[in-house]
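Protein chains in written order, with the working numbering: chain A, 526 to 721; chain B, 7 to 196; chain C, 271 to 587; chain D, -16 to 426; chain E, 6 to 200; chain F, 139 to 423; chain G, 15 to 163. Beta carbons: idealized from backbone N, C-alpha and C, even for Gly. This report concerns only the one structure given below.
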Ligand SMILES: Cc1cc2nc3c(=O)[nH]c(=O)nc-3n(C[C@H](O)[C@H](O)[C@H](O)COP(=O)(O)O)c2cc1C
Ligand SMILES: Cc1cc2nc3c(=O)[nH]c(=O)nc-3n(C[C@H](O)[C@H](O)[C@H](O)COP(=O)(O)O)c2cc1C
Ligand SMILES: Cc1cc2nc3c(=O)[nH]c(=O)nc-3n(C[C@H](O)[C@H](O)[C@H](O)COP(=O)(O)O)c2cc1C
Ligand SMILES: Cc1cc2nc3c(=O)[nH]c(=O)nc-3n(C[C@H](O)[C@H](O)[C@H](O)CO)c2cc1C
Ligand code: SF4
Ligand code: SF4
Ligand code: SF4
Ligand code: SF4
Ligand code: FES
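Here is the structure:
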């Protein structure tokens, strides 16, 4: 078959046709994958909440509350309830102060305000340095660096260099500060809920 | 202040070429002429700005309202490709001598991934229009900076004797790596 | 062969200067700083320096022998100098395997990959240092205390903060300028004593190894930017690697501009970038980065800053 | 502060071994060979034939063009042949061979007396004509025909005559000695030159390492109006025309321009003496002062030699060729030309014969350029020799031109100073000739 | 050309990264670990194969002048499809490859092969070419990712080879990408010169 | 379904606009490149050596496509092989050009031509020849400093350390002519390779008179014109005391070789004749 | 290079082929390579597109040239910089100012964005009216290529 000639009609027709087909195909695939994508996003969220909160039986996603901090940032709180009783909350908190800016955490608080566990959801810190956040602050073998069980309302959760109770990740003071800042912001957001 | 931060971040801290790895092709390919590098920078700044504005408007007023964000990639690339062509036609129509002069002095601007990359990144970062534009400009300046530095280095390297195996791309990549190493000094500034 | 005349183009005499004279001259100028660091850090300083020099010379030899054949430059002192300067940029308690990696990077990547002596774009010792700084930040930022009691018996000594990290982390009041000038502070081995380094500068100026332009313009850049950003210029000059960098590393022939005007621009920019990184960046110290950045800009400076041509000054004077 | 030029410069060891040695006259050889190309510009054209009898001072070759000069017989005798002779470069060039007669017969017009004739009644044009007839060329080494230099191009006007008595080349002392012995003649010569170019001011530039000459010239020049002496700080290449003008007048000749652009005409002292002899005594240029020197030379001396005398004769007079001879140079160590054979004749441009021992003669091994900028700092023209060399090596001629390779005065400061022993000037020189050809072809 | 030859051509002789030096941006940007490199490589390989196939199917109905935009549309479609699938089924890989998935669109390998191979050859050959080139690309990315991961963290495919504290962090950062790729290409140049 | 519809409409619109723009572009910029240029370029060796006389392989490809016949067009690197391929692409006859090769017309080895002085300048024939005639009495001969070696893109010419003269590697030389341009002494010439690579040429460029030339070098051409008289095909001319053999006329009979009193005429790749090579003969001097 | 020496005019040169010879000018076709043209793999990559551009160059002695001849096109590099300025930098600055202004006035991204794009229309219109001035400014010389080069 000979190649179509590059006339105006041909060009417009062919390109339009191709784009239309492409659009249709895309929309189709989009429809197909929409569900799984949402599912996987949801699963990520739920898994994170599950990982950081004490056991619960409600649907925290449904009960989520948005809390506004004094500086205007909005932080999402997922309350965890066991048999209707408030047992704690997962807080999706963030900070912009990381070595590479944005760090997003899911911090789980017990009802008394102490930290149950946390998960680092998103960050761009340096691999091998700032990226150690996940292991470092949850290492309960080393009480001076772990934040698990500590209560931001009681303990001073800043790095020891700044006079706080937490040892910074070696050579990553900035990430450590940022991490603790995010935790603190999470606590600030959730503390009104805890008081109830 | 915010704008300055975006600027510094895009030029020095997260330089397109040296830390984002976008636009490597022209970086490796373009000549050792400083002039050309600067001209490319200016051209890229212009194209990037228009492309960013147009795609921004498309995204905000067409794709998002209709829930078509999944077509981002395909529309953006088409729009950018047509845009670049448009600029050429207009220039040629409006002022043939100008158009001719550009032809002699600059290589064609091809849609490289930096332009598409910026158009996409501004939405990932959820920047406002103004911030997007500043980001685009800054990226282009960062691009020009790296290109110009590199043009100078190439010029010098062309007068020395390199080990055979390192000639061409390897030394270009190695130098880019060492430049990136030096640029890491700006880390944390913004 | 007897009595065949030698024929060559003019000139028929040579000034007698040579690469090795210059390189060994710089090594001599580094002796005071080395003595201070021996006194301050003891055993560690000695071992790290030796390791670095031996490793640099070994890599230079090996690469020229097996990979890149060309002029043999092992004995001209440039590799040894790179070794010493690399060592001077490291803490004295650094593990030796890191020193060896640094030497490999400095010589292999920074110098030989570009074709060896004279062809490199960036300062090899600084390439080595920055590579290490970014690769092994923990070891590279653990500074032994100068004058520690057990410094002559072991390499494991107490560590402390450098004046610049004190400033960075808000403890500027703990910084004693006098200590910084004499050298009794924590820091890289070679950078601590301002006096010893200035002594070296005087020697190199006297021997005409370098000219004043680069060091002085760096100092000027530092002073101006410190004043603009509200830092104490004296402290900024006396602390960190500034003196070492300005005197010994920014002046590296190969990677610095050729004309005096170019040197002044280059130096001033190094000073300025240093202060900007110190003040705003994540790193407490920015000299190495500043020098590398300006090394990269040197070819450009060279194309645009030509020496003053004869006949270009006012025609009738 | 003594005056000197403002950019670059070096201080090679002076080694003025023959300083203070009075000028001795060298005897005549059996045969002289007078090359036909002794000046910058077009070679001269022989106007005698085999078998012709010539006297001392007989015209044997005429100027071959505007920028060219006459050549006169330096001996009395019979033209043996007009044939090729190996020149200093090892190429064969035409020369007039003259068998020397026992008896010296001089052209009658030549005044051979020692009496000093101060007054010169001639007009400018007449002086220049005489200079041209006498075949005078610049004796400072450039051998540029003097009459051309004395006729400034239309539109430009000379303000001042500079006499180049700097003798900045190490070893050489011929100008120095000439000044000590022929002081008055030189000063008269200068007055004549002033008249020729119609200026009323002349300055003699002398480097500070010749205090006796400075003193003598200063004393004597008081009797001549408009002539003064300017002592200069010792620095090579102060003798370079442009450098001398910069040092004395504080003016820099623009790139590509002639000294006249800043109102200066520069002449060597030897040239001034030759002009005196030509104008006042009708004596053409047939002999010159040649320094024979070198560390192993038995008797470093200054000789007055007839053109065409084999250099070997001068060397024999100075005690013979030393055993450790490595290199024989015509001229000084910085700008001189290494000879392939010592049988070549003395020519108008030969100011000295320098014999270097083998050890010093060899160049050291060349290494990579370490970009130390020392060559840039010493270049008196403000060029970047390192760059010119690498551009020249790669034959990028347009870049060479843009980097002003044509401004190079070939002083050799760059090669002298380079710690990597790079043959900078070698490459710059070929770049100059290539770029020069390209520029010429453009016209 | 036999199918096998077409296939291996892209793997070795005309390896898009090491030999043809195409698609440098994703090569550098996505190879901080072997697994990322592999993921990106396979994604690209998939797009390459599909787009090659489709392009060679429709090559004759496309007028020359709209050739490139048409190819781009086809490629972009497949890219977006890959993007969705990855998002749905390999979310963590998707997170780490980030921006570079959409940028497959402008990867010169993809468009280049569409232009220079698929537009001239039969659909079946085109599939093989796409597969070969894609696998070559994936191979290169995996090697580079492996080298960087190994030097930077002491692991390959997350399997520890030596303690992490001995790893040179630069290699997982931007400068390391350039340096490692530079030396890999130098080594390959050297090997090529020897043969 | 609605979504799909919108998507199709939107993208279709974009596509249509794009097509219109492209059409306009196409109208404005009539880009037509003969596709054969690319094809030709593909078969060329991509050495970009310029040996063909065009700027780069691309330029040559263009020239081939535009030319009416391939006569006079030759890629010296690829040789007849590549030209054959080019011819097939263009559907034309490949014109077989005689293969050429570089020859060094100087035989002034250390033995033949005693060194009179030692050169100690930059290692460059250009520099040396700008300075002076050379280390020997012959100011025409090879300096042996290897400018030709430096420029050869094919590593085909090397200085023989014993003779101090360059030697051309017959297998590698592509007759690109780079060395011819580089030699400041104009010693190197491209000559017909001849059947079985056999060739006869005067290996001397000395224009001095016979006596002088002979004094400087044992194997110099003295311009005695014996060869000219011996040549049955009038292939030899003499000017400026120097003989030259026209390779188009030379039939490789080797009569000239026999009569040359100084053995200045070289023969190459002939089977060994009677006894030894002429060069060896002069050893006793 | 841009200004190795500010005293000397620097040129940018481009090779081309004469396609037409008129009285006072010569039309030269140049082949313009894209940014990727430096890449050795351009053969395998479509991004390395080429375009022919036709350029009118002033030549007083146009009769010296003939169609099909290879020539060198030369313009001083400061013209190049001016071209970039007019074609890219100015409109770019204009867009930027427009965005800032409109954002300040309307605080609406849509308006600002559209405004910034549409401000180019008057800009190009003005350029169009200056056509002849520009034509005089951007002149090129044609030079004969050396026969042996
Ligand atoms: C390549 C590189 C990446 C770094 N990334 C981080 C990081 O992600 N987080 C951090 O806190 N510090 C990071 N740093 C270290 C800091 O810049 C700096 O060294 C640190 O603040 C020094 O303080 P410290 O040792 O007291 O922590 C990084 C350093 C380098 C060289
Ligand atoms: C580097 C250099 C050094 C020179 N040194 C001297 C010198 O010492 N004495 C001298 O008379 N001429 C010297 N000349 C030559 C002068 O430039 C100039 O030709 C001469 O003074 C003109 O006078 P003349 O024409 O009478 O020779 C030197 C030239 C150069 C380029
Ligand atoms: C074509 C030409 C014309 C010259 N005309 C003059 C002149 O009119 N006046 C003058 O003083 N020198 C003239 N010169 C001589 C040069 O300026 C210079 O003196 C000469 O080249 C020797 O330079 P040096 O003595 O510095 O080595 C001319 C040279 C050339 C090549
Ligand atoms: C004044 C001076 C300073 C030098 N500084 C350095 C330096 O900072 N780092 C280094 O590796 N080499 C230095 N060198 C040595 C040498 O120039 C260096 O190894 C070259 O860069 C290698 O090509 C220096 C040499 C001199 C003469
Ligand atoms: S020889 Fe030329 S380049 Fe070298 S110093 Fe002298 S003037 Fe400068
Ligand atoms: S003096 Fe020698 S080593 Fe120094 S810059 Fe000049 S050429 Fe290079
Ligand atoms: S020997 Fe000469 S002609 Fe032959 S390939 Fe080498 S440079 Fe070309
Ligand atoms: S043939 Fe010519 S270029 Fe080659 S070494 Fe001899 S003189 Fe030099
Ligand atoms: S892949 Fe070509 S510019 Fe990024």
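Three-way DSSP call (helix, strand, coil) for residue i in this model
i	result
residue 558 (chain A)	helix
residue 296 (chain F)	strand
residue 377 (chain F)	strand
residue 545 (chain A)	helix
residue 82 (chain D)	strand
residue 62 (chain D)	strand
residue 482 (chain C)	coil
residue 283 (chain C)	coil
Straight-line gap, residue i to residue j (C-alpha atoms, nearest Å)
i	j	result
residue 284 (chain F)	residue 200 (chain F)	34 Å
residue -10 (chain D)	residue 363 (chain D)	5 Å
residue 702 (chain A)	residue 495 (chain C)	28 Å
residue 582 (chain C)	residue 568 (chain C)	23 Å
residue 281 (chain D)	residue 380 (chain C)	54 Å
Integer Cβ distance of residue i from residue j, believed to fall under 8 Å
i	j	result
residue 152 (chain D)	residue 315 (chain D)	3 Å
residue 280 (chain C)	residue 320 (chain D)	7 Å
Cβ pair residue i, residue j closer than 8 Å
i	j	result
residue 605 (chain A)	residue 624 (chain A)	no
residue 225 (chain D)	residue 392 (chain D)	yes
residue 543 (chain C)	residue 563 (chain C)	yes
residue 243 (chain F)	residue 335 (chain F)	no
residue 51 (chain D)	residue 37 (chain D)	no
residue 379 (chain F)	residue 351 (chain F)	yes
residue 715 (chain A)	residue 602 (chain A)	yes
residue 372 (chain C)	residue 356 (chain C)	yes
residue 337 (chain D)	residue 292 (chain D)	no
Using only Cβ atoms and a threshold of 6 Å, which residues come within that distance of a heavy atom of ligand 8? Order them by chain position. Selection output, chain order preserved: F:242, F:263, F:280, F:281, F:282, F:283, F:284, F:285, F:286, F:304, F:320, F:321, F:323, F:325 and F:326.
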